Structures are given as structure tokens and as C-alpha cells.
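Those sequence lines, one after another, are chains A and B.
The first sequence begins at 0 in numbering that gives the first Met the number 0 and counts up one residue at a time.
The second sequence begins at 0 in numbering that gives the first Met the number 0 and counts up one residue at a time.
Even for Gly, the Cβ is constructed at its ideal location relative to N, Cα and C.
On a predicted model such as this, the values are computed, not experimentally measured, just so you know.
Everything below concerns the one structure shown next.
Protein chains: 2
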Amino acid sequence: MQFLNGQDYIQQVSIDCVIFGYQKKQLKVLVPKLALKGDFSSLPGGFILQNESIDQAARRILQARTGLKDIYLEQFRVFGDLGRNNMPFFEQIVGLNQEQQGAESFNRKELEWITRRFISIGYYALVDIHQVVPQKSEIDQSIEWYTINELPSLIMDHNQIVANALQSLRLSLDQKLIGFTLLPEIFTMKDLQELYETIYDKPFARNNFQKKMLELDVLDRLEKKFTGAANKAPYLYRFRK
Amino acid sequence: MQFLNGQDYIQQVSIDCVIFGYQKKQLKVLVPKLALKGDFSSLPGGFILQNESIDQAARRILQARTGLKDIYLEQFRVFGDLGRNNMPFFEQIVGLNQEQQGAESFNRKELEWITRRFISIGYYALVDIHQVVPQKSEIDQSIEWYTINELPSLIMDHNQIVANALQSLRLSLDQKLIGFTLLPEIFTMKDLQELYETIYDKPFARNNFQKKMLELDVLDRLEKKFTGAANKAPYLYRFRK
DNA sequence: TCAAAAGTGTTCGCGCTACACCCATGA
DNA sequence: TCATGGGTGTAGCGCGAACACTTTTGA
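Printed below as a string of C-alpha cells:
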């Protein structure tokens with residue numbers, strides 16, 4: 000019935016993942032560039048196999064791009080407007096790729112399948128960026144971390160999806176103690192504060208931030224971290240599971 | 000390609016609506032009972048036409064059951080577990096309806112269509128219960144308002160969907176000034192307070208509740224309401240749009 | 001001894017809660 | 001004039017923000 004690459008997927012439904020990472024006071028998103036002429040980038044995505052749940056599908060997609068198995072994952076919204084189809088995108092490609100790349104690499108049936116209208120389930124994931132070795136899929140030319148404020152223009156409504164994901168992340172961050180998943184296992188209070196400041200794009204008072212975090216009672220204080228700098232050495236912390 | 004009743008729908012995706020109403024200090028949900036032997040109830044739901052957005056589909060489904068066009072509507076979650084299919088349900092029906100009702104009223108193609116695994120997009124709606132004249136669809140035997148604590152057992156995971164909807168409603172109620180949509184246009188402060196107490200299932204202090212609501216600066220105070228009771232007449236209010 | 005940055009204790013103001021009081025209404 | 005329920009003012013309390021002070025570190 001409905002096949003793409005010989006797999007039996009649910010038709011007209013896709014999953015798009017906003018994979019957040021954090022490095023050097025910047026919130027980043029993992030974005031592959033498609034192996035087609037014309038600079039097309041999109042969110043890492045995929046389809047849902049008949050014999051897997053949507054969460055399993057999202058995990059499979061994430062694992063393929065990040066190599067990580069245990070990832071913090073949250074479904075945040077469905078995008079189902081009319082006009083969410085790859086048609087204009089493929090038309091552009093056909094125009095740009097007259098030889099044999101791109102659209103030609105799809106056979107006729109696959110092209111029909113992929114250019115229909117799609118409903119997309121948005122997931123966001125939080126990862127320790129240092130643990131990720133970004134993996135190209137077979138349709139990618141490259142895959143890279145982009146600072147969220149310097150994202151390239153993405154296909155369809157994918158820029159909008161990122162904006163929505165960030166909004167949802169901000170709402171959940173305080174509630175669910177998920178910020179730690181963006182950091183390495185061991186971190187200083189300053190690291191944590193800078194992460195929060197980056198996500199909310201506003202400063203926090205140092206002492207109050209520390210107090211608030213410690214009162215959550217989820218941090219183990221470890222030994223001090225001697226940096227060689229001429230100041231008091233900060234404690235290291237670890238998130239208690 | 001994919002047809003049910005001659006319509007071209009997206010396959011394996013459904014919409015389920017939790018329609019909230021409020022009457023006599025009770026939060027209610029509109030639940031149709033299916034025209035099949037064996038007491039099957041489900042959430043009002045439907046499918047997505049190829050040429051409508053998911054929001055439009057939800058509105059169409061809501062209008063069909065409530066008669067109302069302008070309805071407060073919120074998408075709150077996607078349910079996509081494995082095993083979300085109507086197969087066990089239809090097997091039960093076949094067992095119970097040996098004659099010609101129920102499953103037999105579907106032709107073979109429709110049966111195949113409807114018994115596949117489904118991904119369902121959950122919406123909740125808030126309506127003024129007095130404006131609604133519940134409408135049966137052709138597959139319903141009846142349709143009724145049920146107090147949320149006395150819901151019947153619904154098919155598949157629909158009871159779970161209702162629980163999720165209520166949870167989302169509670170989270171949004173304070174943020175988005177949507178409570179008023181459950182009340183008639185004109186109401187007293189006591190009406191509003193009782194609505195909140197019902198939804199959150201806990202009491203609020205009368206004076207503080209009043210202050211909080213008035214400080215939102217979204218209520219127009221109208222004339223007093225003389226009830227004939229031997230006490231001070233309460234003001235009537237209207238939500239300012 | 002000093003500057004830099006980390007850790008901690010204290011005060012201030014706001015918003016929510018609780019208590020108190022007054023007012024209108026019909027019997 | 002009284003009971004009932006509605007409207008409003010004020011005091012207490014807890015949390016987060018702002019401020020202040022101490023401690024540690026290497027130059």
C-alpha cells in the first residue's frame with residue numbers, strides 16, 4: 000500500500016524534531032542540509048512505521064541523527080494547516096536540478112507519496128551537545144548545529160516550528176527540571192545560570208538563582224573546581240536522578 | 000484512494016473532541032452513544048478531509064454535534080500509541096450484532112479503513128451549554144451531557160483523553176481568560192466563582208476571588224440582579240471582548 | 001595585599017490569604 | 001429589625017528581588 004523505501008509508513012503524517020543543544024552560552028538546534036542543489040535545510044524528521052508508536056518513531060529519528068538512545072523528548076504541537084506539502088519545494092528542486100540529482104532520485108511513486116499534504120507532529124529534544132556526533136542521513140548533504148538566532152531559512156513552516164518549540168521549552172523548563180539534560184553531567188552553578196539566561200534571553204540575579212536551584216533539592220554538590228583563576232573555586236554539581 | 004462514505008480523508012488520522020459544558024456547578028462532557036448493540040460510547044470525533052486544515056476539521060466536527068459555529072477550541076495532545084485501533088472494538092460488535100446492524104452496516108472496504116491503527120489529535124472545546132442543541136450523527140443512537148465524574152466507560156483510550164483534556168484546561172484557564180466561554184453571556188461573580196471551583200475541584204475565598212477577577216480588567220459591570228431573595232442583589236457581569 | 005568571583009545572610013515589596021466590617025434586600 | 005448574602009477594606013505571610021557582606025583563590 001503506502002511505501003517509501005520499501006517501508007510501510009502511515010501516510011501523510013510526519014514527525015519533525017527540534018533538537019536543542021547548548022554550548023558557549025548559546026542555544027543551538029541541529030539542522031541538516033539536504034543533498035540537493037539550492038541550499039535547502041529542514042528539521043530532522045521522518046515518518047511513522049505501522050508497528051511503532053509516535054514516541055518510538057521520534058526516538059528512532061533522533062537516534063539516527065544524534066547517535067543517542069536516551070534522550071529527553073517532548074511532543075509539543077501538531078502542525079496541520081492546509082498547504083503543508085512538499086510540492087512547491089519539489090518544484091523548486093526540479094527547476095534547479097535538471098540533470099539527475101534530487102527529485103530524479105525519487106521514483107514516480109515515491110514522489111507522489113512525498114508531495115502530498117502532510118500533517119506533522121512536532122517534538123523537541125534536549126541533548127548534551129558534547130555527547131552528540133551528528134549523523135547525516137542518506138538524503139543529507141551535511142548536518143550542523145546552528146545558534147537559534149542564526150538559523151538558516153528552513154523549508155515549509157519549519158522556522159515556525161522551531162519558534163513554537165522554544166516557546167514550549169520555556170514554559171516547561173521551570174516545571175519539569177529538564178534544564179539539566181542540556182548540560183554535561185558535571186557543571187557549576189554558573190554554567191546552569193548561563194543556560195537559563197540563554198534560554199529565557201534575560202539575566203538572573205546570581206545569589207537568588209543559586210538559592211532557588213539549591214532549594215529544588217535535586218543537585219548533589221561535589222568537590223570544587225580549581226580553574227587556576229585568582230578567585231574562589233566554584234563547587235561542581237550533579238543532577239540527582 | 001482512501002475513502003469513507005465517499006469522502007477523501009487522510010488515512011489513519013482522527014480527531015477526538017472533548018466538548019466541555021457547565022451547568023449547575025458541574026462540568027460536563029458531551030458524549031454520543033453509538034447506534035450499536037452493547038452500550039458503546041465514544042468521544043465525538045471524525046476525520047480530516049484532504050482540503051481542510053486540522054483546525055477546520057475540528058470545527059466541522061464540533062459544529063455537526065453542537066450546532067455552534069464559533070467555539071473556543073484548543074488542540075492539546077496527540078495520541079499515537081501502538082494498539083490504538085478499532086479492531087478489538089469491532090470484534091466485540093461483530094460478536095454482539097450477529098444480525099445486520101453495526102459492523103455489517105459497513106462494507107468491506109470501509110471496515111478495513113476504520114479498523115486500522117489510528118493516530119488521534121485531541122482537541123478540547125468550551126461551550127455555553129445553554130446554546131447547544133446536541134445533534135446525533137448518523138452513527139449515534141443518542142448524545143448526552145455527562146458530568147465529568149460520572150462518565151461512562153468509553154471506547155479505546157477515550158477516558159484517558161478526557162483526563163488529559165481536563166488537565167490541559169486547568170493549566171490554561173488562568174493564563175488565557177477562557178473560563179467565560181463556559182458561561183452564558185451575562186453572569187454573576189458567584190456563577191464565575193462556582194465555575195472555577197468546579198473545574199479545579201477546590202474552594203476559593205469569595206472576596207479574594209472577586210478582587211482577582213476584577214483586577215483582570217476584562218469584566219463589564221452591568222445592572223444588579225434582583226432575585227427576590229432577602230439579601231443584597233449581586234451585580235451582573237459581561238466579559239469584555 | 002589585592003582583585004575577582006563564589007557563597008551566604010538580610011531586607012524589601014508585592015501578591016495571595018485570612019479576617020473583619022459594612023451594605024442592600026425582602027420577610 | 002433581622003437574617004442572608006454581596007461588596008470592600010485591611011492586616012498577615014511567604015516568595016522572589018535587591019542589597020550587603022564574607023570567603024576563597026592566585027597573582
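How many Å lie between residue i and residue j at the Cα?
| i | j | result |
| --- | --- | --- |
| Glu51/A | Leu81/B | 6 Å |
| Leu176/B | Lys27/A | 34 Å |
| Lys138/B | Gly45/B | The sequence shown places Ile at residue 138/B, not Lys. Those two C-alpha atoms are separated by around 11 Å. |
| Tyr123/B | Tyr195/B | 17 Å |
| Ile120/A | Thr146/B | 32 Å |
| Arg239/B | Arg58/B | 24 Å |
| Gln246/A | Tyr8/A | The first residue shown for chain A is 0 and the last is 240, placing residue 246/A beyond what the model contains. |
| Gln25/B | Leu110/A | 52 Å |
| Phe117/A | Arg83/A | 6 Å |
| Asp69/A | Thr187/B | 52 Å |
| Gly227/B | Phe179/B | 26 Å |
| Glu214/B | Asp190/B | 17 Å |
| Ala56/B | Met212/A | 44 Å |
| Val131/A | Lys23/A | 16 Å |
| Phe208/A | Ala162/A | 26 Å |
| Ile53/B | Gln192/B | 34 Å |
| Phe203/A | Val77/B | 35 Å |
| Asn16/B | Asp216/B | A small fix is needed here, since residue 16/B is Cys in this sequence, not Asn. Rounded to whole angstroms, Cys16/B to Asp216/B spans 31 Å at the Cα level. |
| Ile18/B | Ser171/A | 26 Å |
| Arg237/A | Gln74/B | 37 Å |
| Asn148/A | Leu35/A | 24 Å |
| Asn85/B | Lys210/A | 52 Å |
| Asp38/A | Gln6/B | 38 Å |
| Ser167/A | Pro233/A | 32 Å |
| Leu181/A | Ile60/A | 19 Å |
| Asn106/B | Lys201/B | 49 Å |
| Tyr71/A | Trp144/A | 18 Å |
| Asn230/B | Arg205/A | 55 Å |
| Gln174/B | Gln10/B | 35 Å |
| Pro151/A | Gly20/B | 45 Å |
| Ser241/A | Ser136/B | Lying before the first or after the last residue shown, residue 241/A is absent from chain A, which here runs from 0 to 240. |
Looking at the structure shown, is residue i part of a helix, part of a strand, or coil, going by DSSP?
| i | result |
| --- | --- |
| Glu111/A | helix |
| Val131/B | coil |
| Glu214/A | helix |
| Arg205/A | helix |
| Phe117/A | coil |
| Ser141/A | strand |
| Asp80/B | coil |
| Glu184/B | coil |
| Thr146/B | strand |
| Gln99/A | Note that Gln99/A scores 49 on pLDDT, short of 50, meaning its location in the model is unreliable; the coordinates nonetheless yield the value given after this. If DSSP states are grouped into helix, strand and coil, Gln99/A belongs with coil. |
| Ala164/B | helix |
| Leu153/B | strand |
| Leu172/B | helix |
| Lys189/B | helix |
| Phe225/B | coil |
| Leu67/A | coil |
Going by beta carbon distance, what residues of the same chain come within less than 7 Å of residue i, once the five residues before and after it are set aside?
| i | result |
| --- | --- |
| Arg169/B | Ile198, Tyr199 |
| His129/A | Pro183 |
| Gln99/A | Bear in mind that the predicted position of Gln99/A carries a pLDDT of just 49, short of 50, making it unreliable; the figure below should be weighed with that in mind. No residues qualify anywhere along the chain. |
| Ile160/B | Asp15, Val17, Leu42, Phe78, Gly121 |
| Ala164/B | Val17, Phe75, Gly121, Tyr123 |
| Gln91/B | Gly37 |
| Gln140/A | Lys32, Leu33, Ala34 |
For residue i, collect the residues of the same chain with a Cβ closer than 6 Å to its Cβ; drop the 5 residues on either side in sequence, then sort them by chain order.
| i | result |
| --- | --- |
| Ser41/B | Leu153, Ile154, His157 |
| Asp219/A | Arg237, Arg239 |
| Ile185/B | Leu235, Arg237 |
Could you name the residues of the same chain whose beta carbon sits closer than 8 Å to that of residue i, not counting the 5 residues immediately before and after it, in chain order?
| i | result |
| --- | --- |
| Phe89/B | Ala102, Leu110, Ile113, Thr114 |
| Gln134/A | Ala63, Arg64, Thr65, Gly66, Ile142 |
| Val12/A | Phe46, Ile47, Phe117, Ile118, Ser119, Ile120 |
| Pro87/A | none |
Could I get the ranges of all uninterrupted alpha helix (DSSP H) runs contained in the segment 7-64 of chain A, with 4 residues as the minimum, in chain order? List check, alpha helix (DSSP H) in window: nothing returned.
Touch check for the segment 213-223 of chain A and the segment 29-41 of chain B: three-plus C-beta pairs under 8 Å? Cβ pair count under 8 Å is below three, so no.
- prompt: At a cut of 8 Å, does the segment 119-134 of chain A reach the segment 54-72 of chain A through at least three beta carbon pairs?
  reply: yes
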